[in-house]
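**Student:**
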Amino acid sequence: MDLIVDGISEALRRLAALDPDVRDAAFASLVVSGGATTLSLVTGIPLGALLGLGRFRGRNLVLSLVNTGMGIPPVAVGLFVAILVWRSGPFGNLDWYCTRAAMVAAQYLLAAPTVVGLTAIAIQSVDPMLRLQLLALGATRWQLLWILVRETRLLLLTAAMAAFGAVISEVGASLMVGCNIKGDTRILTTAIVLDTGRGEFGGAIALAIILLVVVFAVNALTTWAQQRRVA
Amino acid sequence: MSVLEARDLSVDRGGREVARADHLVLEAGETLALLGPNGAGKTSLLLALASLLPSRGELLAHGEPIRDGLAFRRRIGVVFQRPLLLDRSALDNASLGLALRGVPGKAAKERARTALERLGIAGLAQRSAGGLSGGEAQRVSIARALALEPELLFLDEPFSGLDAPARDRLITDLGRVLRESAPRVATILVTHDRDEALALADRVAVVMAGRVRQQGRAADVFARPADETVAEFVGVENVLAATVERATDEITTVRVGATLVAVTEPPPTTADGVLLLIAPDDVVISRQHGSSSERNAFAGRITAIETIGRRVRITLDCGFPLVAHVTHQAARELALTPGETVTASFKATVPHLLARGRGN
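Quick mapping for you: the protein sequence lines, in order, are chains B and W. Residue 323 is where the first sequence starts when you use our numbering, and the numbers rise one by one after that. Residue 1413 is where the second sequence starts when you use our numbering, and the numbers rise one by one after that.
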């Protein structure tokens, strides 16, 4: 019991003092996960829209792969990216191993299937007659895509929330490709793992509180935006 | 030159032909109704004619084959059964097609506003689409198509989702708008409702089981259905087996049971047995026995009285079964009751003769 009480009081002390380690880890988390989520939205929404609208051979296979990607273990992605950016790997010349760039790449691979898959579902949920109506109004294929994406923006916001939630809370991939370097690639989740391993529960609890607050804040913001649109 | 012409046009779905038009022509300024029961293939035909559905055969606009689907679609307007509005204001919705076609914002809004005015809903311009009633939303949808100033307007059952008062008002207003636009806009209206076709169409093409079975002036198609199936669909309830007794240059006399009926149409050339078709709306009911000036007047006992929407359906036994449709007012004034005997009459120009067996 003392362990918990001591841990919480230590956590509150570090939070009140704006402990630099905690602050740096929180900032790195936001940069890496925010970057990966943004990238996944920029590339995943058009891809998902094309997948949702398109009728081509192998479409079901692609959808199955995307859906599988939504549940892929972070350590598998971490291993894959680590091999790619390892010094002797195919992208070794980029010198990304143990950098935030590698972490963004790994988290992007985790987030993108969620965005692509949920966008495809969102676009497919649009009334097929609306698509026909837009074509009848003279829309080109790109105009059609753009309008459908706009019409499904509430669902796409959900995709963004799900993607961010998945990457901000993952630890395996970031640990494997970022190397948990203090003040650089150490993010909230990897720092929690490290502090817990050392028995420094105060620091771990402080980091966990921040992680929860960040996740809650982002979700609260997007939920507010969603509900505002619904109302 | 016709605005749109289809030759041997057929639409397949799932490897099966669902609609076909051997030859369909739309002239400038006219309104053609594709009339048929639900599931007849009318909408498939309309979508193919609008180049929104792949089809086989020839589709010509102003005599030229349509090669660029997008360019063609940018010359037409389409209104569907449901309004299919975006989550924007009525004005934004009405100007959407213009925006997609690259018309600058201010000009697009101006044209959309004019179209909303024509449909009597200029006051709703800033209202969100979600806050519109079904009738209002459908008016916005029609305004969206009219704002495009299309040379061809395709209307796919635009009134079917509306309640009766909203539907009647919209039919009246759309009829006015179509008449105003007539020289510039040719219209194809899909409907299963005879009244809508009569109210709006210059010509009717009856579509049944995926095929255009008959086309012609609306009044002609309703008065002279090509076969028994078309007759049944266009509301000719009196289809009576008859035989030709004699035929002169002026009058054909046919026998229905023990009764002789005078018809101005010549008998079908290839048949002894004929079908005598009489539209119920053309049968007049009166209480004055023997005073009718019509050639065909028969005493008949009322066997049933039923209300069917705006009319009352009277079934009579005149020695042969005969159905008449009268207005509610006429039914009240005549104080009709089942079992009593009245006079049913119709002009000799009313009945239509078909060779027995055609269309079966």
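All residues carry an ideal CB built from backbone N, CA and C; glycine is no exception.
Report buried or exposed for residue 1421 of chain W, applying the criterion of at least 16 other Cβ atoms within 10 angstroms of its Cβ.
**Tutor:** Sequence index remark: in the second sequence, residue 1421 of chain W carries index 9 (1-based). Here residue 1421 of chain W is buried. Its C-beta has 16 or more other C-beta atoms within 10 Å.
**Student:** Determine the DSSP secondary structure at residue 1464 of chain W, reduced to helix, strand or coil.
**Tutor:** Counting from one through the second sequence, the residue named residue 1464 of chain W turns up at place 52. Looking at residue 1464 of chain W - three-state DSSP - the assignment turns out to be coil, as it is neither helix nor strand.
**Student:** In three-state terms, what does DSSP make of residue 1760 of chain W?
**Tutor:** Within the second sequence, numbered from 1, the residue matching residue 1760 of chain W stands at position 348. Secondary structure of residue 1760 of chain W (DSSP, three-state): coil.
**Student:** From the DSSP secondary-structure annotation, give me the bridge partner or partners of residue 1499 of chain W.
**Tutor:** Position 87 of the second sequence, counted from the start, is the residue given in the question as residue 1499 of chain W. Answer by DSSP bridge pairing: none, since residue 1499 of chain W is not bridged.
**Student:** Quick one, are the C-beta atoms of residue 440 of chain B and residue 481 of chain B less than 8 Å apart?
**Tutor:** As a first step, residue 440 of chain B is located in the first sequence; it is residue number 118 there, counting from the start. As a first step, residue 481 of chain B is located in the first sequence; it is residue number 159 there, counting from the start. For residue 440 of chain B and residue 481 of chain B, yes; Cβs fall inside 8 Å.
**Student:** Using a Cβ-Cβ distance under 8 Å, would residue 455 of chain B count as near chain W?
**Tutor:** Locating residue 455 of chain B in the first sequence gives position 133, where the first residue counts as 1. Closer than 8 Å to some Cβ of chain W, the Cβ of residue 455 of chain B qualifies, so yes.
**Student:** Is there a Cβ of chain W sitting closer than 8 Å to that of residue 451 of chain B, yes or no?
**Tutor:** On the first sequence, position 129 is the one that residue 451 of chain B refers to. Yes, residue 451 of chain B counts as interfacial toward chain W.
**Student:** What's the gap between the Cα of residue 1739 of chain W and the Cα of residue 1722 of chain W?
**Tutor:** For the purposes of this step, residue 1739 of chain W is taken as the residue at position 327 of the second sequence. For the purposes of this step, residue 1722 of chain W is taken as the residue at position 310 of the second sequence. Roughly 7 Å between the two C-alpha positions.
**Student:** Using the C-alpha atoms, what's the distance from residue 1486 of chain W back to residue 1556 of chain W?
**Tutor:** Here residue 1556 of chain W corresponds to residue number 144 of the second sequence, with the count starting at 1. Here residue 1486 of chain W corresponds to residue number 74 of the second sequence, with the count starting at 1. Approximately 13 Å between the Cα atoms of the pair.
**Student:** Return the first residue and the last residue of the beta strand (DSSP E) that residue 1422 of chain W is part of.
**Tutor:** Residue 1422 of chain W sits at position 10 when you count from the first residue of the second sequence. Residue 1422 of chain W -> beta strand (DSSP E) spans 1416 to 1425.
**Student:** Among B/420, B/514 and B/451, whose alpha-carbon lies nearest the alpha-carbon of residue 506 of chain B?
**Tutor:** To locate residue 506 of chain B, count along the first sequence from 1; it is residue 184. Looking at the Cα atoms, B/420 is the closest of the given residues.
**Student:** Taking residue 1453 of chain W as part of the alpha helix (DSSP H), name the residues at either end of that continuous run.
**Tutor:** Translated into positions along the second sequence, residue 1453 of chain W becomes position 41. Looking at the DSSP string, residue 1453 of chain W is not in any alpha helix (DSSP H), and its letter there is neither H nor E.
**Student:** How would you call residue 327 of chain B, buried or exposed, if buried means at least 16 neighbouring beta carbons within 10 angstroms?
**Tutor:** Taking the first residue of the first sequence as position 1, residue 327 of chain B is located at position 5. Exposed, by the Cβ-count rule.
**Student:** Label residue 418 of chain B either buried or exposed according to how many other C-beta atoms from any shown protein chain fall within 10 Å of its C-beta, with 16 as the threshold for buried.
**Tutor:** Indexing the first sequence from 1 puts residue 418 of chain B at position 96. It counts as buried.
**Student:** Residue 1563 of chain W: which of W/1438, W/1749 and W/1737 sits nearest, CA to CA?
**Tutor:** Position 151 of the second sequence holds residue 1563 of chain W. Here the closest residue by C-alpha is W/1438.
**Student:** Who are the neighbours of residue 465 of chain B on chain W, taking C-beta pairs under 8 Å?
**Tutor:** By 1-based counting over the first sequence, the position of residue 465 of chain B is 143. Neighbours of residue 465 of chain B on chain W, chain order: 1512.
**Student:** Return helix, strand or coil for residue 1599 of chain W, following the three-state DSSP convention.
**Tutor:** Position 187 of the second sequence, counting from 1, holds the residue named residue 1599 of chain W. Note: residue 1599 of chain W maps to strand in three-state DSSP.
**Student:** Less than 8 Å between CB atoms is the rule here; does residue 374 of chain B satisfy it with respect to chain W?
**Tutor:** As a first step, residue 374 of chain B is located in the first sequence; it is residue number 52 there, counting from the start. Residue-level contact by beta carbon fails for residue 374 of chain B and chain W, as no gap is shorter than 8 Å.
**Student:** DSSP three-state call for residue 455 of chain B: helix, strand or coil?
**Tutor:** Here residue 455 of chain B refers to the residue found at position 133 of the first sequence. It is helical.
**Student:** One question on the structure: do residue 1512 of chain W and residue 1505 of chain W come within less than 8 Å of each other, judged by their Cβ atoms?
**Tutor:** As a first step, residue 1512 of chain W must be located in the second sequence, where it is residue number 100. As a first step, residue 1505 of chain W must be located in the second sequence, where it is residue number 93. No, the Cβ-Cβ distance between residue 1512 of chain W and residue 1505 of chain W is not below 8 Å.
**Student:** Can the beta-carbon of residue 1508 of chain W be found less than 8 Å from the beta-carbon of residue 454 of chain B?
**Tutor:** Within the second sequence, residue 1508 of chain W is the residue found at index 96, counting from 1. Within the first sequence, residue 454 of chain B is the residue found at index 132, counting from 1. Against a cut-off of 8 Å, the Cβ pair of residue 454 of chain B and residue 1508 of chain W comes out as no contact.
**Student:** Which chain W residues sit within Cβ distance under 8 Å of residue 460 of chain B?
**Tutor:** Within the first sequence, the letter at position 138 stands for residue 460 of chain B. Residues of chain W passing the Cβ test: 1482, 1485, 1486, 1509, 1512, 1513 and 1560.
**Student:** Does residue 1415 of chain W have its Cβ less than 8 Å from a Cβ in chain B?
**Tutor:** The residue you call residue 1415 of chain W lines up with position 3 of the second sequence. No, residue 1415 of chain W does not count as interfacial toward chain B.
**Student:** Among B/433, B/524 and B/543, which one has its Cα closest to the Cα of residue 389 of chain B?
**Tutor:** Residue 389 of chain B sits at position 67 when you count from the first residue of the first sequence. Comparing alpha carbon positions, the residue from B/433, B/524 and B/543 closest to residue 389 of chain B is B/433.
**Student:** Identify, in the order they occur along the chain, each residue of the same chain with its Cβ nearer than 6 Å to the Cβ of residue 548 of chain B, setting aside the five sequence neighbours on each side.
**Tutor:** Counting from 1 along the first sequence, the entry for residue 548 of chain B is found at position 226. Same-chain partners within the cutoff: 476 and 479.
**Student:** By how many angstroms is the C-alpha of residue 1547 of chain W removed from the C-alpha of residue 1574 of chain W?
**Tutor:** As a first step, residue 1574 of chain W must be located in the second sequence, where it is residue number 162. As a first step, residue 1547 of chain W must be located in the second sequence, where it is residue number 135. It is roughly 6 Å from the alpha-carbon of residue 1574 of chain W to the alpha-carbon of residue 1547 of chain W.
**Student:** Do you know offhand how far residue 1770 of chain W's Cα is from residue 1624 of chain W's?
**Tutor:** Looking up residue 1770 of chain W in the second sequence gives position 358. Looking up residue 1624 of chain W in the second sequence gives position 212. Residue placement at residue 1770 of chain W is poorly supported in this model, since its pLDDT is 48, which falls under 50; the coordinates are not used for a value here.
**Student:** With a CB to CB cut of under 7 Å and the five nearest residues on each side skipped, what residues in its chain are close to residue 1680 of chain W?
**Tutor:** Along the second sequence, read from residue 1 onward, the residue named residue 1680 of chain W stands at position 268. If we look at residue 1680 of chain W and ignore the five residues flanking it on each side, its Cβ neighbours are 1686, 1765, 1766 and 1767.
**Student:** Below 8 Å on the Cβ atoms is my contact criterion, and I expect residue 1613 of chain W with residue 1601 of chain W to pass it. Report the Cβ-Cβ distance as a whole number of Å.
**Tutor:** To locate residue 1613 of chain W, count along the second sequence from 1; it is residue 201. To locate residue 1601 of chain W, count along the second sequence from 1; it is residue 189. Under the criterion of beta carbons closer than 8 Å, residue 1613 of chain W and residue 1601 of chain W qualify as touching, at roughly 6 Å.
**Student:** Apart from the five residues on each side of it in sequence, which residues of its chain come closer than 6 Å, Cβ to Cβ, to residue 1470 of chain W?
**Tutor:** If you number the second sequence from 1, residue 1470 of chain W lands on position 58. Same-chain partners within the cutoff: 1419.
**Student:** Candidates B/468, B/391 and B/540: which alpha carbon is nearest residue 629 of chain B's?
**Tutor:** Limits of chain B in this structure are 323 at one end and 553 at the other, which puts residue 629 of chain B out of reach.
**Student:** Would the beta-carbon of residue 1651 of chain W fall within 8 Å of that of residue 1634 of chain W?
**Tutor:** Position 239 of the second sequence, counted from the start, is the residue given in the question as residue 1651 of chain W. Position 222 of the second sequence, counted from the start, is the residue given in the question as residue 1634 of chain W. No, Cβ-Cβ distance for residue 1651 of chain W and residue 1634 of chain W is not below 8 Å.
**Student:** State yes or no: is the C-beta of residue 1440 of chain W within less than 8 Å of the C-beta of residue 1595 of chain W?
**Tutor:** Your numbering for residue 1440 of chain W matches position 28 in the second sequence. Your numbering for residue 1595 of chain W matches position 183 in the second sequence. Taking 8 Å as the Cβ cut-off, residue 1440 of chain W and residue 1595 of chain W qualify as a contacting pair.
**Student:** Between the C-alpha atoms of residue 1772 of chain W and residue 1642 of chain W, what's the straight-line distance to the nearest angstrom?
**Tutor:** As a position in the second sequence, residue 1772 of chain W is number 360, starting the count at 1. As a position in the second sequence, residue 1642 of chain W is number 230, starting the count at 1. Caution is warranted here: a pLDDT of 42 is assigned to residue 1772 of chain W, below 50, making its placement in the model unreliable, and the coordinate value is therefore given only provisionally. In a straight line, the C-alpha of residue 1772 of chain W is about 11 Å away from that of residue 1642 of chain W.
**Student:** I want to verify the contact list: residues of chain B whose CB lies under 9 Å from the CB of residue 1418 of chain W, in sequence order.
**Tutor:** Position 6 of the second sequence, counted from the start, is the residue given in the question as residue 1418 of chain W. Residues of chain B passing the Cβ test: none, with the nearest at roughly 18 Å.
**Student:** Looking at C-beta atoms only, is the number of pairs between the stretch 507 to 524 of chain B and the stretch 484 to 496 of chain B that lie closer than 8 Å three or more?
**Tutor:** Yes, since at least three Cβ pairs between the stretch 507 to 524 of chain B and the stretch 484 to 496 of chain B fall closer than 8 Å, the two stretches touch.
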